[in-house]
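So the structure is just underneath, and the comments pick up after that.
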Amino acid sequence: MKKLALAVIAVLALTSCGTSKPAAPKPPENITIAFGGDTHGVDQISRFLNSGGDPFKYVKNTLTNADISVVNLESAVTTLNEHQDKKYVFNTNPYLLDWMKTDGIDIVNIGNNHAGDFLREGVTETIKNLTDRGLKVIGAGNSGREAWTAKVVDVRGTKIAFLGIAKINGGAGTVASGAYAGTTDGWDNQVIELAIKAAARQAKAVIIYTHWGVEEQTCPEKSDVAAAQKWLEWGATAIIGSHPHRQQPYVLENGKLIDYSLGNFVFYSGSAGAVNSGVGLLTLAPTGEVLKYQFKPALINPLNGSVKFLNGEAAKKAIAAKQSKCVALGN
Numbered sequence: 003m004k005k006l007a008l009a010v011i012a013v014l015a016l017t018s019c020g021t022s023k024p025a026a027p028k029p030p031e032n033i034t035i036a037f038g039g040d041t042h043g044v045d046q047i048s049r050f051l052n053s054g055g056d057p058f059k060y061v062k063n064t065l066t067n068a069d070i071s072v073v074n075l076e077s078a079v080t081t082l083n084e085h086q087d088k089k090y091v092f093n094t095n096p097y098l099l100d101w102m103k104t105d106g107i108d109i110v111n112i113g114n115n116h117a118g119d120f121l122r123e124g125v126t127e128t129i130k131n132l133t134d135r136g137l138k139v140i141g142a143g144n145s146g147r148e149a150w151t152a153k154v155v156d157v158r159g160t161k162i163a164f165l166g167i168a169k170i171n172g173g174a175g176t177v178a179s180g181a182y183a184g185t186t187d188g189w190d191n192q193v194i195e196l197a198i199k200a201a202a203r204q205a206k207a208v209i210i211y212t213h214w215g216v217e218e219q220t221c222p223e224k225s226d227v228a229a230a231q232k233w234l235e236w237g238a239t240a241i242i243g244s245h246p247h248r249q250q251p252y253v254l255e256n257g258k259l260i261d262y263s264l265g266n267f268v269f270y271s272g273s274a275g276a277v278n279s280g281v282g283l284l285t286l287a288p289t290g291e292v293l294k295y296q297f298k299p300a301l302i303n304p305l306n307g308s309v310k311f312l313n314g315e316a317a318k319k320a321i322a323a324k325q326s327k328c329v330a331l332g333n
């Protein structure tokens with residue numbers, strides 16, 4: 003009788019094990035991308051770097067906690083002396099690149115009007131200085147093909163493509179073409195369309211970092227608003243702008259994002275308004291759709307270029323100022 007009872011218990015135990023539900027799979031995590039604006043390491047910032055200073059110190063946690071962090075390097079990083087004949091020529095202290103890597107920056111756009119300050123050879127050396135530190139480069143390349151090839155990053159199985167488009171660039175002599183190094187050309191719509199569509203075939207989301215607009219303006223140009231709409235139609239998911247050195251509004255609608263200008267990030271400038279900084283935080287679903295966008299306002303220390311987040315009422319005022327009405331946006 004005891005054996006029979008034990009047998010029944012064993013059968014019941016096996017039956018209960020066989021019918022228990024497996025643990026529900028953990029839902030895939032959303033993806034966060036952090037963006038900073040115009041960045042360089044010259045003048046006061048260079049001296050701060052030479053003294054061991056870290057200009058990203060106060061925003062480091064935000065950059066490192068994001069899955070991917072991206073900035074625009076508004077400068078060459080080179081040992082060359084020959085440069086363009088222009089008012090502002092930027093050559094960044096290479097210590098800045100070390101802090102970029104240490105403080106969580108992953109991708110650097112150099113598709114702008116200062117990457118070629120030291121000509122094509124300077125572009126090549128800048129790319130090498132970045133890639134030697136494990137930083138991915140967009141917006142420029144050692145050939146036309148390389149400049150226009152998106153960098154694809156896999157985050158927990160979701161592929162995200164990044165392209166840099168220089169509507170404001172250093173001119174024909176510093177635009178990548180054929181086997182010549184240089185930046186992308188933001189006025190070549192045929193190539194832009196091909197590049198965006200090629201990126202979209204490789205990834206669930208396409209992020210464009212673009213250099214455009216007019217310096218010191220707080221509203222976008224109508225031509226840039228029109229360009230952004232084309233890029234979205236061709237497959238872009240989000241567009242992040244720089245060059246004006248001022249904050250401009252962001253627009254989040256129909257599952258797409260355009261931040262027309264993130265202003266300066268770590269950057270030295272003596273002009274009023276240039277110290278208004280911040281980090282844009284984009285959240286994507288694992289499927290690549292835009293879920294939300296948050297702008298975290300910050301202020302640049304004019305003595306050394308370091309950037310620090312604002313809080314409370316100061317932060318609210320900075321966000322309201324960024325989102326001011328603009329005729330080009332129909333408000």
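Read in order, the letters of the sequence shown are residues 3 to 333 in the numbering used here. A virtual CB, placed ideally from N, CA and C, is assigned to each residue, including glycine.
Following the DSSP letters along the chain, one finds residue 212 inside the beta strand (DSSP E) bounded by residues 207–213. Where residue 332 is concerned, there is no enclosing alpha helix (DSSP H), because DSSP gives it neither an H nor an E. The criterion of a C-beta distance shorter than 8 Å is not satisfied by residue 71 and residue 94. Listed in chain order, the non-local C-beta contacts of residue 43 below 6 Å within the same chain comprise 51, 94, 95 and 98, local neighbours out to five positions each way being set aside. Sequence-distant Cβ neighbours of residue 58 in its own chain, meaning closer than 6 Å and more than five residues away, are 101 and 105. Taking 8 Å as the cut-off, the beta carbon of residue 184 is found no closer than this to the beta carbon of residue 282. C-alpha of residue 164 to C-alpha of residue 103: approximately 18 Å in a straight line. Annotation: residue 162 to residue 66 spans about 18 Å, alpha carbon to alpha carbon.
Contact between residue 297 and residue 41 is ruled out by a C-beta separation of about 17 Å, above the 8 Å threshold.
When the beta-carbon positions are compared, residue 150 and residue 128 stay at least 8 Å from each other.
As summarised for the stretch 151–183, the continuous beta strand (DSSP E) elements at least 3 residues long and confined to that stretch are 153–157 and 160–168, given in chain order. A distance below 8 Å separates the beta carbons of residue 277 and residue 304. Boundaries for residue 294: no alpha helix (DSSP H) harbours it, while the beta strand (DSSP E) harbouring it runs 292–302, taken from the DSSP string. Per the DSSP secondary-structure output, residue 252 pairs in a beta bridge with 261. Residue environment analysis places residue 160 among the buried positions, since at least 16 neighbouring C-beta atoms fall within 10 angstroms of its C-beta. For the pair residue 312 and residue 324, the Cα-to-Cα distance works out to about 14 Å. Residue 70: member of the beta strand (DSSP E) spanning 70–75, first to last residue.
If you draw a 10 Å sphere on the C-beta of residue 156, you find fewer than 16 other C-beta atoms in it, and that means exposed. Per the coordinates, the alpha-carbon of residue 289 lies some 45 Å from the alpha-carbon of residue 89.
Residue 293 places its beta carbon 8 Å or farther from that of residue 301. Residue 78: not part of any beta strand (DSSP E); DSSP gives it neither H nor E. Shortest Cα-Cα distance from residue 193 to any of 63, 284 and 177 involves 177.
For residue 180, the closest alpha carbon among the candidates 145, 73, 158 and 189 is that of 145. With a beta-carbon spacing of about 11 Å, residue 233 and residue 209 fall beyond the 8 Å limit used to define contacts. Per DSSP, reduced to three states, the secondary structure at residue 194 is helical. Ranking 115, 246, 332 and 109 by CA distance to the CA of residue 86 puts 115 first. The residues 79, 96 and 99, in chain order, have a CB closer than 7 Å to that of residue 131 in the same chain once the five nearest residues on each side in sequence are set aside. Annotated three-state conformation of residue 87 is coil, per DSSP.
Taking residue 255 as reference, the option from 247, 241 and 249 with the minimal CA-CA separation is 241. In this structure, the straight-line span from the alpha carbon of residue 204 to that of residue 239 is close to 13 Å. The residue from 38, 47 and 83 with its alpha-carbon nearest to that of residue 68 is 38.
Judged by DSSP secondary structure, residue 50 falls outside any beta strand (DSSP E) and instead within the alpha helix (DSSP H) spanning 46–52.
In this model, residue 250 and residue 26 are separated by some 44 Å (Cα to Cα). Annotated as distal: residue 110 and residue 82, with beta-carbon spacing of 8 Å or more. Here residue 257 is near residue 291, since their CB atoms are less than 8 Å apart.
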